[in-house]
Each structure stands twice: as C-alpha cells, then as structure tokens.
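**Q**
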Amino acid sequence: MRKVLVTGGCGFIGSNFIRLLHSEEADVEIINLDMLTYAGNPKNLADLEDSSRYKLVRGDIRDTNVVESLVGDVDWVVNFAAETHVDRSTSEKAGEFIETNVYGTYVLLDSLRRASPKARFLQVGTDEVYGDVPYPEFPDETARLEPSSPYSASKAGGDMQALAFQRTADMDVMVSRCTNNYGPYQYPEKLLPLFITNAFDDEPLPLYDGGTQIRDWLFVDDHCSALLLILREGKSGEIYNVGANQDPEVPNGELTQMILRATGKPASLIRPVEGLRPGHDQRYAVSTEKIRALGWSPSVDLEEGVEKTVAWYRDRRDWWEAIKSGAYREYYQKHYGKL
Ligand code: TYD
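Residue 359 is where the sequence shown ends in this note's numbering, and the numbering goes up by one at each step.
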C-alpha cells in the first residue's frame with residue numbers, strides 16, 4: 021500500500037489531483053492535510069468521504085506537530101497548500117503568503133527529512149516565478165526567476181526550499197511549475213470561474229488593462245495527469261514545467277469572448293478596468309519539452325475545456341453560490357468596488 025500525504029487537497033488543483041490519484045491507484049492510502057482557509061472546501065471531495073482509502077485532516081502545514089504526526093511512514097508528499105491569488109497578495113497583507121508558501125514548505129521538508137528521508141516530495145509550483153516573458157520566449161526550467169508579485173515571489177521561495185533540501189539532505193525532491201489552470205472546483209476569484217459565474221447572473225466581467233495579457237491555459241485534469249507522471253517517473257532534483265502551449269496564444273480578451281459564447285451572454289457584460297493589478301504581467305509562457313519527453317501531453321483543447329468548465333459551473337450553482345454569498349462578498353466589494 022502506498023501512503024500519500026497531499027497538502028491543500030481541499031483546494032482547486034489538490035482536490036482534482038486526489039480524485040485522480042484515488043481512481044488511478046487502487047493500492048493507495050491518501051491523507052489530505054488542509055487548513056480549510058477560504059479557498060479550501062471539503063465538499064470538493066464529497067464523493068470520497070466514504071472511501072477507506074481517503075482521510076481528511078484539518079491542519080496547517082506550518083504546524084510542525086501536525087506535520088510530524090502525519091509523515092512517519094509516507095511514500096509520497098505532494099504540496100499544493102498555498103495562498104494563490106495575485107490580487108490578494110498585492111491588495112492585502114502578503115505575510116500569509118510568505119508564511120504558508122515558504123515557511124510551510126520548509127516545515128514539510130524538515131519534518132520529512134527527520135521522519136521519512138526516503139520519501140518522494142513534489143512541490144507544486146507556478147510558471148509565474150519566471151515573471152513577465154517577452155514574446156517569443158519560452159523559458160525552460162533553467163531560466164532566471166523574476167517573480168513580479170508577492171505571491172509569485174513566495175512561490176519561488178518555496179521552490180528554493182525544496183531544491184535546497186534535495187541538495188543538502190539528499191532527499192528525493194522534485195518541483196513542478198504549471199501555467200494557469202482552469203476547470204471544475206476553482207474558487208471564483210480567478211478569471212474563468214469569476215467571469216463564468218458573473219456571466220450566468222448578468223453581472224459585469226471586470227477585464228483588466230485592455231485584456232491583451234496572455235496566459236497559457238491548462239485544463240486541470242491535464243495538469244494532474246502530469247503531476248502523477250512526475251511522481252511516478254520524474255527524477256530527483258529536477259524541475260518540470262507543465263503547460264498547454266496554446267498556438268496561437270490566447271489573450272484574456274479573446275478568452276472572455278469564448279466564455280461569452282459558451283454561456284450565451286452578450287459582450288456588453290465586459291467592464292474594462294485599469295489599475296486593479298499593479299505590476300500586471302503581460303505574458304506567461306513556458307517550454308514544456310522536458311515533461312513532454314517523459315511522455316506527457318495535454319489532451320483538452322481550450323475551447324473544449326472552456327465549454328466543459330461552463331457546463332460544470334452551470335450544473336453546480338449550489339457549489340459556487342454558497343461561496344459567493346459568504347465572506348467572498350467582502351473581498352469582491354473591497355477589490356472591485358462598484359463596477
Ligand atoms: P488570474 O485568474 O488571477 O490568474 P493569475 O494572476 O495567476 O494569472 O488572472 C488571469 C489573468 O486574468 C490575468 O492577466 C489578470 C486577468 N484578470 C482580469 O482581467 N480580471 C479579473 O477579474 C481577474 C481576477 C483576472
């Protein structure tokens with residue numbers, strides 16, 4: 021039986037990953053350590069609640085006692101636990117980002133080093149650590165790190181902790197860096213779920229800075245299958261970029277049009293806004309040659325993925341309405357004001 025500790029497994033990518041792992045590996049025991057902050061929702065894994073191979077532990081990756089009690093005999097640790105929203109990292113205090121994304125990663129690694137030094141550790145990272153990438157560059161895993169926001173700077177710090185433990189404690193550690201994910205269970209502060217759910221309710225779509233920015237949109241299932249492959253076949257000490265490499269690249273404005281088409285809503289919902297994201301990066305892109313050489317490629321094309329995502333949010337109004345009627349409203353009003 022393989023024992024896997026997943027941190028932040030009640031969040032968007034973590035919950036999709038746990039579902040995949042649970043279905044792909046019959047002989048696996050999954051422990052999900054999640055603090056259940058605003059973006060973590062146990063309902064994201066309601067379908068696994070009765071499984072004998074899945075257990076949720078509510079706790080903080082910064083808490084050495086909790087972490088030590090869980091890493092005793094683990095085979096894999098996958099670290100998704102993170103503060104992730106760029107806008108919150110610039111408009112609110114970023115201390116939580118640094119504490120969770122850097123110090124929390126350190127606590128996991130240090131506890132693992134003492135309890136299970138042979139375990140495999142995967143640090144789930146972001147392409148945002150490469151910063152704003154001028155066209156037509158596609159940074160590979162050796163590219164210089166130039167994070168722009170307190171969020172991406174904290175993720176770069178987490179990556180560095182992971183790689184430092186690999187080197188100094190000879191641990192089996194890998195880092196992945198994915199492009200922007202989208203799909204079911206994404207908290208509606210991020211572009212796709214925000215625009216989709218606002219569109220359903222005929223609310224404005226706050227498109228920042230002319231909508232010319234480019235992200236490389238990756239369907240979450242494709243990301244999760246890459247992570248599983250890295251865990252199975254990746255090499256210790258290595259970094260793996262994971263991205264869809266859209267060709268041609270899709271600016272936010274065009275993505276917004278796709279969302280409008282898929283929801284059947286008019287372009288008049290678009291509300292151009294300036295200045296809400298200081299230091300807004302123009303383009304993210306990565307080279308994915310290394311993960312493709314391991315045998316991975318994305319299987320969901322963007323138009324299809326947007327349609328699937330819209331269909332999911334259409335079906336799961338219960339899921340996102342519960343979020344949007346809670347503490348989310350305070351953030352929304354503070355950040356977007358009167359649109
Ligand atoms: P986001 O979903 O926050 O992801 P990230 O910042 O991690 O890339 O933002 C994706 C892009 O969408 C980014 O260029 C900012 C833009 N954006 C908007 O135009 N309006 C919004 O309300 C949000 C949240 C993002």
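Don't be surprised by glycine CBs; every beta carbon is placed ideally from N, CA and C.
According to DSSP, which residues form a beta bridge with threonine 283?
**A** DSSP lists no partner for threonine 283.
**Q** Please look up how many angstroms separate the CB atoms of alanine 219 and lysine 113, rounded, as I've assumed it's under 8 angstroms.
**A** 31 angstroms between Cβ atoms; not a contact.
**Q** Cβ of valine 106 within 7 angstroms of any heavy atom in the ligand TYD?
**A** True, at least one ligand heavy atom lies under 7 angstroms from that Cβ.
**Q** With three or more C-beta pairs closer than 8 angstroms as the rule, is the segment 22 to 38 touching the segment 190 to 205?
**A** Contact holds: three or more Cβ-Cβ distances are below 8 angstroms.
**Q** Under a three-way DSSP split, which group does arginine 235 fall into?
**A** Correct three-state label for arginine 235: coil.
**Q** Taking the Cβ atom as the reference point for each residue, do glycine 145 and glycine 178 lie within a distance shorter than 8 angstroms?
**A** Yes, Cβ-Cβ distance for glycine 145 and glycine 178 is below 8 angstroms.
**Q** Could you compute how far the alpha carbon of proline 226 sits from the alpha carbon of aspartate 95?
**A** Their backbone Cα atoms lie some 44 angstroms apart in a straight line.
**Q** Kindly give me the distance between the Cβ atoms of leucine 247 and leucine 142, rounded to whole angstroms, as I take these residues to be in contact under 8 angstroms.
**A** Right, their Cβ atoms sit about 7 angstroms apart.
**Q** Should the segment 250 to 268 be regarded as contacting the segment 290 to 298, the criterion being three or more beta carbon pairs within less than 8 angstroms?
**A** Touching, no.
**Q** Kindly examine the ligand TYD and report whether one of its heavy atoms sits closer than 7 angstroms to the Cβ of glutamine 233.
**A** Correct: glutamine 233 has its Cβ closer than 7 angstroms to the ligand TYD.
**Q** Could you give the residue range of the alpha helix (DSSP H) that holds valine 270?
**A** Premise fails: valine 270 is in no alpha helix (DSSP H) and is neither H nor E.
**Q** So what does DSSP say about glycine 145, is it helix, strand or coil?
**A** Glycine 145 falls in the strand class under three-state DSSP.
**Q** Taking buried to mean at least 16 other C-beta atoms within 10 Å of its own C-beta, is asparagine 407 buried or exposed?
**A** The requested residue 407 is not part of the displayed model; the chain covers only 21 to 359.
**Q** So, using beta-carbon positions, are valine 330 and isoleucine 216 closer together than 8 angstroms?
**A** In contact: valine 330 and isoleucine 216 (Cβ atoms closer than 8 angstroms).
**Q** From the DSSP output, in three-state form, read off phenylalanine 194 for me.
**A** Correcting the residue type first, residue 194 is methionine in the shown sequence and not phenylalanine. Strand.
**Q** Should the segment 273 to 282 be called in touch with the segment 122 to 131, which here means at least 3 C-beta pairs below 8 angstroms?
**A** Result no; under three Cβ-Cβ pairs closer than 8 angstroms.
**Q** Shorter than 7 angstroms, the distance from the beta carbon of leucine 214 to the closest heavy atom of the ligand TYD, or not?
**A** Result yes, Cβ under 7 angstroms from the ligand TYD.
**Q** Determine whether the beta carbon atoms of valine 77 and valine 48 lie at a separation below 8 angstroms.
**A** Taking 8 angstroms as the Cβ cut-off, valine 77 and valine 48 do not qualify as a contacting pair.
**Q** Determine contact between the segment 156 to 176 and the segment 305 to 319, defined as no fewer than three beta-carbon pairs at a distance below 8 angstroms.
**A** Yes, the segment 156 to 176 touches the segment 305 to 319.
**Q** For the beta strand (DSSP E) that contains glycine 23, what are its first and last residues?
**A** The amino acid at residue 23 is misidentified as glycine; the sequence shows lysine. From DSSP, the beta strand (DSSP E) with lysine 23 extends over 22 to 27.
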